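Everything below concerns the one structure shown next.
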Amino acid sequence: MKKIIYIFLILFCLNGCVFVNERGISTQYYNDCKEYYDATGVYQKECPHNIIDWQKHESK
1 MKKIIYIFLI LFCLNGCVFV NERGISTQYY NDCKEYYDAT GVYQKECPHN IIDWQKHESK
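Note that my numbering numbers the sequence shown so that position 58 is 58, with each residue one more than the last.
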């Protein structure tokens with residue numbers, strides 16, 4: 001029984017590549033964000049969702 005558990009844990013740990021980037025945890029090493037200024041001159045940044053997203057909280 002222990003062998004099955006160990007094999008399962010090894011397979012679970014090696015089942016894919018997961019990266020931690022500045023926006024969260026993703027399956028891609030680099031963010032695929034689109035950055036642009038809209039017609040009114042406001043900066044826009046559109047990023048695909050990560051597995052886990054986190055945001056930096058700005059102190060005021």
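Glycine is no exception: its CB is placed at the ideal position from the N, C-alpha and C atoms.
Please read all numbers here as calculations on a predicted model, not as lab measurements.
- Following the DSSP letters along the chain, one finds I25 inside the beta strand (DSSP E) bounded by residues G24 to S26.
- Relative to the Cα of K45, the nearest Cα in the group C33, Y29 and I51 belongs to C33.
- Distance from the CA atom of I5 to the CA atom of A39, rounded to whole angstroms, is 57 Å.
- Residue pairing from DSSP places Y37 in a beta bridge opposite Y43.
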